[in-house]
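Everything on this sheet refers to the single structure shown next.
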Amino acid sequence: MPSKTDILDLYFMDARYKLIDIAAFLDRLDRHEGDSDFRHAGFLKAMEAMLNPGDGPRAKAVLESLSDHSKEPVEKAEIQFAYGAPQV
Amino acid sequence: MQYIEPHAHMVSRTTDDYQAIAQAGCQALCEPAFWAGYDRGSVEGFRDYYRQLTDYEPARAAKFGILHYTWLCINPKEADDVVFGREVLSMIPEFLDQPTVLGIGEIGLNKNTKNEHLILEEHIALAQERDLPILVHTPHLEDKLKGTRLIVDAMKNANVNPDRVIIDHVEEHTAAIALDAGFWAGMTLYPESKCTPGRAIDILETFGTERIWMNSACDWGISDPLAVVKCALEMKKRKHTAELIHKVIYENPKEFLSQCANFKLPQGNE
Numbered sequence: 020m021p022s023k024t025d026i027l028d029l030y031f032m033d034a035r036y037k038l039i040d041i042a043a044f045l046d047r048l049d050r051h052e053g054d055s056d057f058r059h060a061g062f063l064k065a066m067e068a069m070l071n072p073g074d075g076p077r078a079k080a081v082l083e084s085l086s087d088h089s090k091e092p093v094e095k096a097e098i099q100f101a102y103g104a105p106q107v
Numbered sequence: 002m003q004y005i006e007p008h009a010h011m012v013s014r015t016t017d018d019y020q021a022i023a024q025a026g027c028q029a030l031c032e033p034a035f036w037a038g039y040d041r042g043s044v045e046g047f048r049d050y051y052r053q054l055t056d057y058e059p060a061r062a063a064k065f066g067i068l069h070y071t072w073l074c075i076n077p078k079e080a081d082d083v084v085f086g087r088e089v090l091s092m093i094p095e096f097l098d099q100p101t102v103l104g105i106g107e108i109g110l111n112k113n114t115k116n117e118h119l120i121l122e123e124h125i126a127l128a129q130e131r132d133l134p135i136l137v138h139t140p141h142l143e144d145k146l147k148g149t150r151l152i153v154d155a156m157k158n159a160n161v162n163p164d165r166v167i168i169d170h171v172e173e174h175t176a177a178i179a180l181d182a183g184f185w186a187g188m189t190l191y192p193e194s195k196c197t198p199g200r201a202i203d204i205l206e207t208f209g210t211e212r213i214w215m216n217s218a219c220d221w222g223i224s225d226p227l228a229v230v231k232c233a234l235e236m237k238k239r240k241h242t243a244e245l246i247h248k249v250i251y252e253n254p255k256e257f258l259s260q261c262a263n264f265k266l267p268q269g270n271e
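Going down the list, the protein sequences come from chains A and B. Read in order, the letters of the first sequence are residues 20 to 107 in the numbering used here. Read in order, the letters of the second sequence are residues 2 to 271 in the numbering used here.
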């Protein structure tokens with residue numbers, strides 16, 4: 020199995036550029052006019068979940084944060100696609 | 002390197018893609034029936050699609066030395082109209098005796114509606130009636146967690162043998178739901194959604210390499226028909242052995258698919 024250094028060698032630059040891209044995306048949202056929607060709030064909530072995942076892994080915490088947690092099938096769907104964050 | 006591509010939508014791909022995956026070592030590929038990017042306007046549209054999957058596409062793949070198999074169903078995205086869904090479903094048995102049909106799939110849910118759920122249950126009943134394995138599509142993005150739970154419950158309620166069901170498109174939050182209930186799990190490698198190669202390998206390292214496969218699910222959207230071999234190379238970078246890589250990209254799909262009466266590998270690879 021690879022060591023922590025091996026993992027850093029393999030993935031640090033990739034993760035670094037993605038992290039900066041996220042920061043730039045949030046700056047972009049702040050800078051532009053108009054109202055934001057549930058996706059923005061969902062994204063920020065998922066970032067909190069990543070930083071404070073509790074006992075579980077971070078990726079799972081982020082995915083669960085971006086999931087619909089209702090239990091029963093819905094009567095009807097208004098859309099065929101998914102947004103990536105639950106509408107609240 | 003030899004591998005099996007267990008989930009690809011080649012009707013949406015070019016012959017260059019067949020050439021590329023053949024050169025990369027693909028021995029066999031499986032094409033589940035799915036949404037074409039638009040809702041088909043008639044039952045006859047599905048008949049043509051099933052003919053394409055069972056007649057034309059195997060012949061196209063054979064030109065590149067690849068065995069082409071298929072799974073049949075009406076996908077959940079077009080199954081919300083129950084009357085239409087049932088009309089299409091009633092036609093599927095006409096094609097089930099074709100020599101390259103593996104089972105029923107990719108069935109499941111899209112927006113987790115009651116109507117989708119009804120048609121899912123009717124597909125499960127058809128699979129049980131014909132003693133066929135099942136390939137499951139789990140919903141996208143925010144709908145995946147709920148949909149995976151509903152699908153697993155539907156399978157359990159119908160007393161389906163989990164050995165003969167693969168629940169596809171699992172991610173970190175749904176892999177355990179499938180595997181802990183005894184089902185097989187599939188990971189889809191997409192550039193923008195589902196799993197990256199790095200995350201798929203994380204899932205293998207976390208949940209083990211039993212009852213799991215990975216696929217490209219390449220289709221008409223942003224996807225990569227070489228995703229499985231690229232992930233295999235990433236596994237090599239992560240210091241996984243050649244034996245383990247071979248198990249994940251060849252032996253595991255072979256083990257699951259060998260439960261399908263029509264599945265056979267090229268001579269010498271059985």
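Positions of the beta carbon are idealized from the N, C-alpha and C atoms, including for glycine.
- Three or more beta-carbon pairs separated by less than 8 Å link the segment 30-44 of chain B to the segment 103-112 of chain B, which places the two stretches in contact.
- A straight-line Cα-Cα distance of about 9 Å links HIS69 (chain B) and GLN28 (chain B).
- Cβ contact annotation for GLU88 (chain B) (same chain, cutoff 6 Å, sequence separation greater than five): VAL44, in chain order.
- By alpha-carbon distance to HIS141 (chain B), the top candidate from B:ILE125, B:ALA176 and B:SER194 is B:SER194.
- Of all alpha-carbon atoms in B:GLU79, B:LEU90 and B:VAL83, the one lying nearest the alpha-carbon of GLY38 (chain B) is that of B:GLU79.
- Exposure of ASP49 (chain B) is indicated by the presence of fewer than 16 other C-beta atoms within 10 angstroms of its C-beta.
- Within the segment 236-247 of chain B, those residues whose Cβ lies closer than 8 Å to any Cβ of chain A are, in chain order, LYS238, ARG239 and LYS240.
- Inclusion of ALA104 (chain A) and ARG58 (chain A) in the CB contact set at 8 Å is warranted, their separation being smaller than that value.
- If you check each beta-carbon in the segment 24-57 of chain A against every beta-carbon of chain B, the ones closer than 9 Å belong to ASP25, ILE26, LEU29, TYR30 and ASP33.
- Relative to the Cα of ASN162 (chain B), the nearest Cα in the group B:MET188, B:ILE125 and B:PRO7 belongs to B:ILE125.
- At the C-beta level, THR139 (chain B) and VAL171 (chain B) come within 8 Å of one another.
- Within the segment 73-85 of chain A, the residues whose Cβ lies closer than 8 Å to some Cβ of chain B are PRO76, ALA78, LYS79, LEU82, GLU83 and LEU85, listed in chain order.
- For ASP220 (chain B), the closest C-alpha among the options B:TYR4, B:SER13, B:THR210 and B:GLU6 is that of B:SER13.
- As the crow flies, the alpha-carbon of ILE22 (chain B) is around 29 Å from that of ALA179 (chain B).
- Under the three-state reduction of DSSP, ASN158 (chain B) is assigned to helix.
- For GLY187 (chain B), the nearest beta carbon of chain A is not closer than 8 Å to its own beta carbon.
- In the DSSP annotation of this structure, the continuous segment of the alpha helix (DSSP H) that includes GLY61 (chain A) starts and ends at 57-70.
- Rounded to whole angstroms, the gap between the alpha carbons of SER22 (chain A) and ARG200 (chain B) is 17 Å.
- Here the segment 110-125 of chain B lies against the segment 140-160 of chain B, with 3 or more beta-carbon pairs under 8 Å apart.
- Using a CB distance below 9 Å, the part of the segment 97-118 of chain B facing chain A consists of LEU110, ASN111, LYS112, ASN113, THR114, LYS115, ASN116, GLU117 and HIS118, ordered along the chain.
- Residue pairing by DSSP puts TYR4 (chain B) in a beta bridge opposite B:CYS27.
- Within the segment 135-163 of chain B, contact with chain A at the beta-carbon level (separation under 8 Å) is assigned to PRO140, HIS141, LEU142, GLU143, ASP144, LYS145, LEU146, LYS147, ARG150 and LEU151.
- Considering only B:THR175, B:GLU143 and B:ASP132, the residue with the shortest C-alpha distance to ASN160 (chain B) is B:ASP132.
- Take THR210 (chain B), set aside five residues on each side of it, and the residues of its chain with a beta-carbon closer than 8 Å to its own are LEU245, LYS248, VAL249 and ASN253, in chain order.
- Here the segment 225-241 of chain B makes contact with the segment 178-192 of chain B; the two share three or more CB pairs at distances below 8 Å.
- Distance check between VAL93 (chain A) and each of B:GLU117, B:THR55, B:VAL102 and B:VAL84 places B:GLU117 closest, using alpha-carbon atoms only.
- Per the DSSP secondary-structure output, VAL137 (chain B) pairs in a beta bridge with B:ILE108 and B:ILE168.
- The shortest C-alpha to C-alpha distance from PHE184 (chain B) to any of B:TYR51, B:THR175, B:ARG41 and B:VAL166 is the one to B:VAL166.
- For the segment 73-93 of chain B, the beta-carbon criterion of a distance under 8 Å to any beta-carbon of chain A is satisfied by LYS78 and ASP81.
- In the structure shown, LEU68 (chain B) falls within a strand segment according to DSSP collapsed to helix, strand and coil.
- For LYS79 (chain A), the CB contacts under 8 Å within the same chain, skipping 5 residues up- and downstream, are PRO72 in chain order.
- For GLY199 (chain B), the enclosing alpha helix (DSSP H) covers residues 198-208.
- For HIS69 (chain B), the nearest beta carbon of chain A is not closer than 8 Å to its own beta carbon.
- Nearest CB-CB separation between GLU173 (chain B) and chain A: below the 8 Å threshold.
- With fewer than 16 other CB atoms across the displayed protein chains lying within 10 angstroms of its CB, SER89 (chain A) is exposed.
- ASN270 (chain B) carries a coil assignment under DSSP once its states are collapsed to helix, strand and coil.
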